[in-house]
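Here it is in structure tokens:
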């Protein structure tokens, strides 16, 4: 579980602390030095880093050749970077990683919320959140590369789907439907079915 002070100090302010916790639990890692490398959908075993220098050496070795995720939020290393030499050690700094990761995830949430027509019904939020986590893990949503995509901006806010008066207790409850579980496992079929169902009420 993330330290509350770390969330308050470092996380993107547009995301409520409960959402930050849910995001890191669903898509992140407990170890700020965690580096995950995948190529062609397959996990590549890499040495466990014990220092920031070791973690960054692994990141630089694979960026540009494979999908590299790093740190607490499993931030996509290399996004917006043309040369591995430009990668900064703050990727594995807990606070900076949380700052970068939550800011990027907030953008992904806005992209997904916009696709759903920015519904104001907070009952839809678990669905939007699950789709955003799936998009974070795969890098895509409805054929859009979410990390490179334009931010819909402040016209789409998280409060469209999560009212400011919503209390933490209700936000923390994870969705229990089976389709949400299939998204967690990365099964795109379940994801597609859910989008079809919800497109009837949210609209594209």
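Residue numbers (the UniProt record's numbering): 1 to 204. C-beta: ideal position from N, C-alpha, C; glycine also. Keep in mind that this is a model prediction, so the values were computed, not measured.
Beta-carbon proximity of residue i to residue j, cut-off 9 Å
{"i": "residue 152", "j": "residue 103", "result": "no"}
{"i": "residue 33", "j": "residue 78", "result": "no"}
{"i": "residue 59", "j": "residue 91", "result": "yes"}
{"i": "residue 20", "j": "residue 31", "result": "no"}
{"i": "residue 24", "j": "residue 45", "result": "no"}
{"i": "residue 115", "j": "residue 140", "result": "no"}
{"i": "residue 17", "j": "residue 26", "result": "no"}
{"i": "residue 35", "j": "residue 55", "result": "yes"}
{"i": "residue 68", "j": "residue 111", "result": "no"}
Cβ neighbour criterion (16 or more within 10 Å) applied to residue i
{"i": "residue 208", "result": "No answer is possible for residue 208: the residues shown for the chain start at 1 and end at 204."}
{"i": "residue 85", "result": "exposed"}
{"i": "residue 148", "result": "exposed"}
{"i": "residue 51", "result": "exposed"}
{"i": "residue 130", "result": "buried"}
{"i": "residue 15", "result": "buried"}
{"i": "residue 28", "result": "buried"}
{"i": "residue 120", "result": "exposed"}
{"i": "residue 43", "result": "exposed"}
{"i": "residue 89", "result": "exposed"}
{"i": "residue 76", "result": "buried"}
{"i": "residue 40", "result": "exposed"}
{"i": "residue 7", "result": "buried"}
{"i": "residue 207", "result": "Coverage of the chain is limited to positions 1 through 204, which leaves residue 207 absent and any answer about it impossible."}
Residue from the options with nearest C-alpha to residue i
{"i": "residue 73", "options": "95, 60 and 67", "result": "95"}
{"i": "residue 132", "options": "146, 1, 80 and 6", "result": "146"}
{"i": "residue 37", "options": "63, 18 and 54", "result": "63"}
{"i": "residue 83", "options": "140, 75 and 65", "result": "65"}
{"i": "residue 108", "options": "87, 134, 123 and 57", "result": "134"}
{"i": "residue 106", "options": "57, 138, 128 and 87", "result": "128"}
Under the three-state DSSP convention, the category residue i falls into
{"i": "residue 43", "result": "strand"}
{"i": "residue 73", "result": "coil"}
{"i": "residue 147", "result": "coil"}
{"i": "residue 9", "result": "helix"}
{"i": "residue 81", "result": "coil"}
{"i": "residue 20", "result": "helix"}
{"i": "residue 106", "result": "helix"}
{"i": "residue 38", "result": "strand"}
{"i": "residue 96", "result": "helix"}
{"i": "residue 208", "result": "Residue 208 cannot be examined here, being either before or after the span of the chain that is shown, 1 to 204."}
{"i": "residue 1", "result": "coil"}
{"i": "residue 66", "result": "strand"}
{"i": "residue 116", "result": "coil"}
{"i": "residue 101", "result": "helix"}
{"i": "residue 32", "result": "coil"}
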